[in-house]
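Colleague: Residue numbers (mature numbering (1 follows the signal peptide of the UniProt record, and there is no 0)): -25 to -1, 1 to 304.
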């Protein structure tokens, strides 16, 4: 059984707790229906600064009463740190016990995921020294000034350094939660969750996910090609032309693209076309043929087949789902 802890402290953004918890609960339901072998995944809200049973204030008139505090919290596989409204130092400076607890959890090998200004707690604990991290864009300069030993990645919404994950926004946290769900239950379950929760949320992968398993710095040559592909998604993507644009041989370009992005350039291009088609199905009344034309599939039948491979449903079924905001398990 997997246990996840969602830390709760004053001024935290409630959405960063409720949304991933709802996604995980939905994933457990889908996994049960699909008879996945291990369907157990519990989420616990844990008070980080006050004793269990005391209300933690979020917005005016809204509070949560956690069942656990740091002393009584169950052992967790993953720990989520929400972002903090306003000046995060108001919470960070009050958290010596939490800092020591995070250090102990890191030594134990738990995955720790911090979002936005909540990343400051990991930095204050010294867990991000000489490691990559990101945070909310508004906090970049202040974060870099306070934590000069952290390798801040301003161009990435998600970073990974071993068991430590940083998200720059709630949207990025949604993407990361889908990733965790896929690791737990497999692609089929994660696709269902992504279809139901992500169609109203902007994608965060305009730049590659930055992980310390890849090169030390972003591959600017590949990023330039990605930017061009995103702006010209209706065109036919040719590997030779893309390599020429990057001033590389086809072999070198293919190797570097896959190393940076995690998939081939042509697979990335196909995913990009399908993503744009999803947006048009949701936001326009264009016919399937018109959408196929606009994203670079001249054959509506081929477009429909590729769409179903990626989404496990037809374009028509997808449009009906996102227009009606249905969520039937």
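Think of the CB as a built atom: it goes at the ideal place given N, C-alpha and C, for glycine as much as any other residue.
Taking all protein chains shown into account, decide if residue 81 is buried (16 or more other Cβ within 10 angstroms of its Cβ) or exposed.
Modeller: That one is buried.
Colleague: Near residue 148, which residues of its chain fall below 7 Å by C-beta distance, leaving aside the five closest residues on each side in sequence?
Modeller: Cβ within range, chain order: -10, -6, 90 and 142.
Colleague: For the alpha helix (DSSP H) containing residue 55, list its first residue and its last residue.
Modeller: Per DSSP, residue 55 belongs to no alpha helix (DSSP H); it is in the beta strand (DSSP E), 53 to 56.
Colleague: With distances taken from CA atoms, which of 9, 161 and 93 is nearest residue 144?
Modeller: Closest by alpha carbon: 93.
Colleague: Which of the three DSSP states, helix, strand or coil, is assigned to residue 139?
Modeller: Note: residue 139 maps to strand in three-state DSSP.
Colleague: According to DSSP, what are the bridge partners of residue 158?
Modeller: Looking at the DSSP assignment, residue 158 forms no beta bridge with any residue, so it has no partner.
Colleague: Ordered along the chain, which non-local residues of its own chain (more than five positions away) have a Cβ less than 7 Å from that of residue 50?
Modeller: Excluding positions up to five away in sequence, the list reads -23.
Colleague: What separation, rounded to the nearest whole angstrom, lies between the Cα atoms of residue -1 and residue 87?
Modeller: If you take the alpha carbons of residue -1 and residue 87, they lie about 19 Å apart.
Colleague: Rounded to a whole number of angstroms, what is the C-alpha to C-alpha distance between residue 66 and residue 139?
Modeller: So the two alpha carbons sit approximately 20 Å from each other.
Colleague: Would you decide whether residue 231 is buried or exposed? Buried here means 16 or more other CB atoms lie within 10 Å of its CB.
Modeller: Label assigned to residue 231: buried.
Colleague: In whole angstroms, what is the alpha-carbon distance linking residue 176 and residue 68?
Modeller: Here the model assigns residue 176 a pLDDT of 48, short of 50, so the residue's position is not dependable and the matter cannot be decided.
Colleague: By DSSP, does residue 260 sit in helix, in strand, or in coil?
Modeller: Correct three-state label for residue 260: coil.
Colleague: Give the C-beta separation of residue 214 and residue 241 to the nearest angstrom, bearing in mind that I take them to be a contact with Cβ-Cβ under 8 Å.
Modeller: So it is a contact: roughly 6 Å between Cβ atoms.
Colleague: How far does the beta strand (DSSP E) with residue 40 in it extend, from its first residue to its last?
Modeller: Segment: none, residue 40 is in no beta strand (DSSP E) and carries neither H nor E.
Colleague: Between 162, 153, 60 and 223, which lies nearest to residue 195 when the distance is taken from Cα to Cα?
Modeller: Nearest option by C-alpha distance: 223.
Colleague: Hey, would you say residue 97 sits closer than 9 Å to residue 124, going by beta carbons?
Modeller: No, the pair does not count as a contact, with Cβ atoms beyond the cut-off.
Colleague: Starting from the C-beta of residue 360, find all residues in its chain whose C-beta is less than 6 Å away, skip the five residues before and the five after it, and write them out in chain order.
Modeller: Lying outside -25 to 304, the shown extent of the chain, residue 360 is not represented and no answer is given.
Colleague: Start and end of the alpha helix (DSSP H) containing residue 67?
Modeller: 64 to 67 is the extent of the alpha helix (DSSP H) around residue 67.
Colleague: Over the uninterrupted beta strand (DSSP E) stretch that includes residue 17, give me the two end residues.
Modeller: Per DSSP, residue 17 belongs to the beta strand (DSSP E) from 16 to 22.
Colleague: Give the range of the alpha helix (DSSP H) segment to which residue 205 is assigned.
Modeller: Where residue 205 is concerned, the enclosing alpha helix (DSSP H) stretches over 195 to 206.
Colleague: Apply the 10 Å Cβ neighbour rule to residue 169 and answer buried if 16 or more other Cβ atoms are within range, or exposed otherwise.
Modeller: Buried, by the Cβ-count rule.
Colleague: Considering only C-alpha positions, which residue in the set 100, 56, 61 and 270 is nearest to residue 72?
Modeller: Among 100, 56, 61 and 270, the Cα nearest to that of residue 72 is on 100.
Colleague: According to DSSP, simplified to helix, strand and coil, what is residue 92?
Modeller: DSSP places residue 92 in helix when its eight states are reduced to three.
Colleague: Name the DSSP bridge partner or partners of residue 126?
Modeller: Bridge partners of residue 126: 107.
Colleague: May I ask which residues mark the beginning and end of the beta strand (DSSP E) holding residue -19?
Modeller: Counting along the chain, the beta strand (DSSP E) containing residue -19 begins and ends at -24 to -18.
Colleague: State the DSSP-derived secondary structure class of residue -14, mapped to helix, strand or coil.
Modeller: Reduced to three states, the DSSP call for residue -14 is strand.
Colleague: Consult DSSP for residue 163 and reduce its assignment to one of helix, strand or coil.
Modeller: Residue state, collapsed to three classes: helix.
Colleague: Put residue 210 into one of helix, strand or coil per three-state DSSP.
Modeller: Residue 210: coil per DSSP, three-state reduction.
Colleague: I need the straight-line Cα distance from residue 264 to residue 273, nearest angstrom please.
Modeller: Approximately 8 Å between the Cα atoms of the pair.
Colleague: Note down the Cα distance separating residue 278 from residue 254, rounded to an integer number of angstroms.
Modeller: Their Cα atoms are separated by approximately 15 Å.
Colleague: Return the residue from the list 132, 167 and 126 that minimises the CA-CA distance to residue 8.
Modeller: Selected option, being the one with the closest Cα: 167.
Colleague: Considering only the alpha carbon of each residue, which of -15, 271, 16 and -13 lies closest to residue 205?
Modeller: Looking at the Cα atoms, 271 is the closest of the given residues.
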